[in-house]
Amino acid sequence: AFAASGIRAGAAGTAARIGYNGDFWGASVAGVAADQGFYAKHGVDADIKVFTNGPIQVQALGANSLEFGYLGPGALWLPASGKAKIIAVNDVGFSDRVIAQAGITSIAGLKGKKVAIAAGTSGDMLLRLALRKAGMAMTDLDIVQMDPSTIVAAFASKQVDAAGIWYPFVGIIQKSVPDLVELAKNDDFYPQTTFPSVFIARNDLVEGNPDLVRNVVRAIKDAQDFRAANQDKAIEITSKLLGIPADQLKTEAGYGRFMTSAELIKLTKDGTVNGWFSTMNDLFKTFGKLETSLDPKDYYLGDQYISA
Amino acid sequence: MAPKIVFDKVTRRFDLKDNAFVALDRLSLDIADGEFVTVVGPSGCGKSTALNIAAGLLKPSEGTVLVDGKAVEGPGPERGMIFQQYALFPWLTVRQNVEFGLRIKGEEASRRRQIAERFIDLVGLGDFADALPKTLSGGMKQRCAIARAYAVDPSILLMDEPFGALDALTRVQLQDQLLDTWSRERRTVMFITHDVDEAVYLANRVIVMAARPGRLKEIIDVGLPYPRTEEIRLSAEFMSIRNRVWQAVYHQ
Amino acid sequence: MAPKIVFDKVTRRFDLKDNAFVALDRLSLDIADGEFVTVVGPSGCGKSTALNIAAGLLKPSEGTVLVDGKAVEGPGPERGMIFQQYALFPWLTVRQNVEFGLRIKGEEASRRRQIAERFIDLVGLGDFADALPKTLSGGMKQRCAIARAYAVDPSILLMDEPFGALDALTRVQLQDQLLDTWSRERRTVMFITHDVDEAVYLANRVIVMAARPGRLKEIIDVGLPYPRTEEIRLSAEFMSIRNRVWQAVYHQ
Amino acid sequence: MSEASKTTRSGGGSNEDRGIDYRGLALNLCGLVAGIAIWWVLTAGGAVGLPLPPQVASRFIDLIANGQLATDIMSSLARVMTGFLLGVILAIPVGFVMGWYKVARSLIEPYLQFFRMIPPLAIIPLAIVTMGIDETPKVFVIFLASFLASVVATYQGVISVDKTMINAARVLGAKDMTIFLRVIIPASTPFILVGVRIGLGSAWATLVAAELIAAQTGLGFRMQQAQLYYDLPTIFVSLITIGLLGLAMDRILLVIERRLTVWQERV
Amino acid sequence: MSEASKTTRSGGGSNEDRGIDYRGLALNLCGLVAGIAIWWVLTAGGAVGLPLPPQVASRFIDLIANGQLATDIMSSLARVMTGFLLGVILAIPVGFVMGWYKVARSLIEPYLQFFRMIPPLAIIPLAIVTMGIDETPKVFVIFLASFLASVVATYQGVISVDKTMINAARVLGAKDMTIFLRVIIPASTPFILVGVRIGLGSAWATLVAAELIAAQTGLGFRMQQAQLYYDLPTIFVSLITIGLLGLAMDRILLVIERRLTVWQERV
Ligand SMILES: Nc1ncnc2c1ncn2[C@@H]1O[C@H](COP(=O)(O)OP(=O)(O)OP(=O)(O)O)[C@@H](O)[C@H]1O
Ligand SMILES: Nc1ncnc2c1ncn2[C@@H]1O[C@H](COP(=O)(O)OP(=O)(O)OP(=O)(O)O)[C@@H](O)[C@H]1O
Ligand SMILES: [Mg+2]
Ligand SMILES: [Mg+2]
């Protein structure tokens, strides 16, 4: 079937292996670009490959098994430590939440409570932001680390008091715990701090094959504009690509911005995007994930995105 | 008096790939309480098969074996058995092998040890009580199996070529010991042997079997008095019975 | 002529927990090419140990065994062996067991089959050529082991109580067959038995061993002419040698 | 009396050797029905966060209908079969060498035992770096799991072979290679088959980890993806398919085992 | 000539039975040195994305110094030991029941084989819902892995026991329970120990999965956390510690095995 394997979009052009994550935000641009022929249009013979997470794609880049990839916000420290270059922002996420069992009404109320997080994910980071805002530290809580899908089971069976997690998981938990409380969401920190997802390229390509990078960025931009203009169609394409029912993707898509390339050019030009990355780096540093980071200028190829 | 063991038209077949092989064909035989019968017959004539059925280790395909009037359902400690291949427990020492049955009987440790000691000495393994079976010679293994069977003091002894691996002197000693306890304690003994002399020397009656299919051929009453002595062994009567058995086994 | 097999002060000890057990104490013995020696002695006197050392399966603790003037380093197909416990390969049929050595020798399939057929018939297992060992009676297993050893046609035959589990008639037949091929093909045979009659009937010389420690006690020349017949077996000379051997074994 | 108390048991060879064991199959079926019933009762009671059997069944039908299940099965099966077969085929000679040559044992064994303890997940980064992201690293991870599980059993099989069997072969002129092929392997078949069956379990249980490496299709990949959306019916379809395929392969091994070990006397 | 060509081999019992096998240990050491050398050469060559041995060594020292390694070892060891012991202790009677009673076999076995194929990761959500997030589900996941791996071997051990041994015991008056304890268990010790050793591997290899469940300390937990930060030295410290602890436990099992199977004739 269509969903079955990597799709070669167009026979002609420079070959490029492009990774993506198997969820709506990770897959929609790659899916749309392949389905609508945007890669071919810009002379890229794309071989798109699905991955389960970003760090594996960085490993694959490092092993020369991949040219381009996709990273969620939790993995942004990888380009920040020089492991890859960001060639475009995909979108910013608004699906993260800090949720708590009924009865807990504020972040302050989490003191000493059992809080589940999947370490290094955007849910983890949102919790940390919320704590900082409330003048608390992680050590004030009883943090338990788990796998994201495990948090669903743990929260639903009331094994934990709170969690840093995201939609669609929050929606699923709501089915069994309808009275859960949302203590924090991404919007609370927008626009100063937000969690962007990005497209990346292998370091040596940027010097070695700038044409290919430019062409891929062009295809990405076309796909972003198509996605923003035809949301239902984009969902349908992604659903077919991933073999996941459209309604599940639709829920997920409800928590993004669907930014156009024009918007992103604007945000890049006024430095907002670099600001996001700097804030992320600061966060990573306070979490102890990074000791030193590169300047976003050195790994986000904003100018290329603008000019492509 | 009711017989102790009754073979009632016992047939045993083994399924082979294409057909069934008849190892034992309608064997009927009564063994009286306190009787000593020996079984002789060519290799593969079903001697071990008959003994295993009496022990309850093999089910007859047809017919029944009764012990004390009750159909045999399985093995029991009142029927002691000595296997053709010894079947010692390789993880136990000689002493532990001999004590195995006593432990099951629930004998307490000191008594167990005492009984085991006696039978180990009886078979001449006193110096090897703590040896593992793998360190024993063939004849020593066989003697250990004999001591193990004797130790539980069963009222019926089923013995499958128990002295086959023994040298002549040890063999004569154990024959005499066996006859001695048998006559004192009135056990019932069914004893397979290839040695016609031995068969005649020990038995009240010699059961002669024939092969293909395995079946009863003839029963020969020995009728020599007990205790049997070296004198009897050399007597003309012994010789004549011995020859009759030989004839019965090997005459077409 | 140089002897075929030389035991030169062969000692074998087994390590036990606290001390070493001497199973064989400085055994020295020459066996001439084409000679038939039988070994008798009480159970546990080191007969199997000596045979295993000659086969190259056991290393002597001291001393050497020479075959054709060369020290034995390990087993070889020129020294065929029949084990006291048969040691058949349970996953092979009778025929495959007998063919095993031929296959190693590199005989081609049709010839292999032909040779195997001959020896299987010789031991009377013709109808059981395709049976697995677990379906054989004790005596049948032993006969299969005999056929397997004969089939590779070794110039030396080391036989550990090879006829112990056979009925008297089969035993006599196999004795005569063995003597027949031995005298025709001038094999060297070292043959362990518990049966003094058998020892005398077959041998050029009877090696008598004693126990604790296992050692050579006496070598008795038989000196009866071949072919040996039923007549010889009944002769007074046979009887006297038989008695000498018996005395040697069981006299203190 | 004799006719009345006639016992007709077929005897020595157990029934399983030939034909189909209907009673066993019936009991298998009972077990299956009972299992599903327990699942149903548990989930209907709402106690456990599991999907109901009919939900899973309908997802099964969907995934069969759109061909996705067939594709996933094909790619996973290919990976598992390749990795598993390579693993057990290598385990047999390695187990032999370790059991037979003491030097080899001292050199190799600690490494084997060491790597047996390492979770397959930890091997993945290394596999990607050295083997890329195509089929090779996936098959390798599965191969490693089944190899490491089965080599212990083969090794133990080799050292448990009855010494007299080996002596018998040596006296018949067999050299090491022949002893290995014609004595050690058949004599340790029961052990080897334990190894093979445990290796099969390890192979399937490692599938999900293997398909973390840029799999495009496969049951393990599908399961991970469904986990992103907490799509329990799909997770269950994958799990049940993995379990059933593994079970079927195990049954085949069992039949092979019966064939290869008819010579054993059984309880 | 006899004195000159004297061969002094200690004989029947192999040297391993008593005392320490220095030659074996020396070879073990050689293997170890060679392994580290290969690792060093590979990483120094820059071919593979691995940390250098000295980096790992210095991290080892750090983690020992600040006590973290000790804490991690203690909590992981407690989990693995409990789960593993429970698993193998249960596997022995279950293997016996399956090997001995045909009805039980038909009912239980398909489930065992089915669950053997399921990756431990998939069990975790269920374990959390039913057992919470404390030690119980972690131990349970490890228990399950070692149980499922070792039960196959025990079962095979039971059905491979020589029939004549069982007959000998029955003739001496033994009933099922005695036969199980005094015949089946000793006779199938070689198989059971294969099961136990494979179970040990599964237990350690499952540790990482188990410590996904809200662990606060532990080697698997530490490794996952290091993975988030791409902290290769720490990952290696955890892996090596897991491997070494597992190896040490395996050695202990091996010694126990030697003790329990002195009665076997060995190659
Ligand atoms: N499990 C089995 N399957 C098939 N055939 C068998 C089985 N057990 C025994 N037989 C056959 O039954 C026949 C009788 O065997 P049995 O062991 O009773 O002989 P026996 O009289 O004891 O012989 P021996 O004196 O050689 O021990 C033999 O031909 C043997 O092949
Ligand atoms: N592996 C071993 N470990 C310790 N002792 C052993 C070992 N093998 C044999 N022995 C001892 O060596 C002695 C001689 O054994 P061997 O098997 O040679 O006797 P044998 O003369 O063949 O006796 P039989 O006629 O009973 O077969 C015995 O006392 C036996 O206990
Ligand atoms: Mg018999
Ligand atoms: Mg002997």
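Chains as they are written, first to last, in the working numbering: chain R, 69 to 376; chain L, 295 to 546; chain C, 295 to 546; chain A, -11 to 255; chain F, -11 to 255.
Built from N, CA and C at the ideal position, the CB exists for glycine as well.
Nearest neighbour of residue i, chosen from the options [CA to CA]
i: I52/A; options: P364/R, A84/R, G311/R, K179/R; result: G311/R
i: V370/C; options: L181/A, G231/A, D164/A; result: The sequence as given places Gly at residue 370/C; Val does not occur at that position. Ranking the options by Cα distance to G370/C, first place goes to D164/A.
i: V220/R; options: F355/R, I211/R, A202/R, V245/R; result: V245/R
i: S337/L; options: T475/C, R522/C, L463/C, Q378/C; result: L463/C
i: L114/A; options: L227/F, S46/F, F84/F; result: L227/F
i: V483/C; options: K353/C, T523/C, I376/C; result: I376/C
i: A439/C; options: L386/C, R407/C, E401/C; result: L386/C
i: A202/R; options: D91/R, L335/R, T262/R, F257/R; result: F257/R
i: E414/C; options: V502/C, L351/C, R538/C, V446/C; result: A small correction: the amino acid at residue 414/C is Ile; Glu does not occupy that position in the sequence shown. Checked all of V502/C, L351/C, R538/C, V446/C; the closest Cα to I414/C is V446/C.
Three-state secondary structure assigned by DSSP to residue i
i: R499/C; result: strand
i: S149/R; result: coil
i: L518/C; result: coil
i: F267/R; result: strand
i: T70/A; result: helix
i: G370/L; result: coil
i: Q436/L; result: helix
i: G324/R; result: strand
i: S329/R; result: helix
i: G161/R; result: strand
i: N313/L; result: coil
i: G87/R; result: strand
Rounded C-alpha distance that separates residue i from residue j
i: L460/L; j: K435/L; result: 10 Å
i: P236/R; j: S163/R; result: 8 Å
i: K364/C; j: I486/C; result: 23 Å
i: S174/R; j: K182/R; result: 14 Å
i: V516/C; j: E492/L; result: 26 Å
i: R320/L; j: L426/L; result: 41 Å
i: G340/L; j: E393/L; result: 31 Å
i: T82/R; j: Q292/R; result: 21 Å
i: V97/R; j: D60/F; result: 43 Å
i: Y10/A; j: W88/F; result: 19 Å
i: R295/R; j: A376/R; result: 19 Å
i: R499/C; j: V331/C; result: 5 Å
i: W344/R; j: T142/F; result: 59 Å
Extent of the continuous alpha helix (DSSP H) run through residue i
i: T152/A; result: 151 to 159
i: S404/L; result: 403 to 416
i: F128/A; result: 123 to 148
i: R185/A; result: 177 to 193
Residue interval of the beta strand (DSSP E) (run including residue i)
i: A206/R; result: Correcting the residue identity first, residue 206/R is Met in this sequence and not Ala. Segment: none, M206/R is in no beta strand (DSSP E) and carries neither H nor E.
i: R307/C; result: 299 to 309
8 Å contact criterion, which residue i and residue j should meet: CB distance rounded
i: Q378/C; j: S342/C; result: 6 Å
i: I154/A; j: R67/A; result: Contact doesn't hold; Cβ gap of about 38 Å is too wide.
i: V359/C; j: I409/C; result: About 29 Å; that fails the 8 Å criterion.
i: L200/F; j: M214/R; result: 6 Å
i: A317/C; j: G458/C; result: Incorrect: roughly 20 Å between the Cβ atoms, too far for contact.
i: M86/F; j: L235/A; result: With 8 Å as the limit, M86/F and L235/A do not qualify as a contact, their Cβ atoms being about 15 Å apart.
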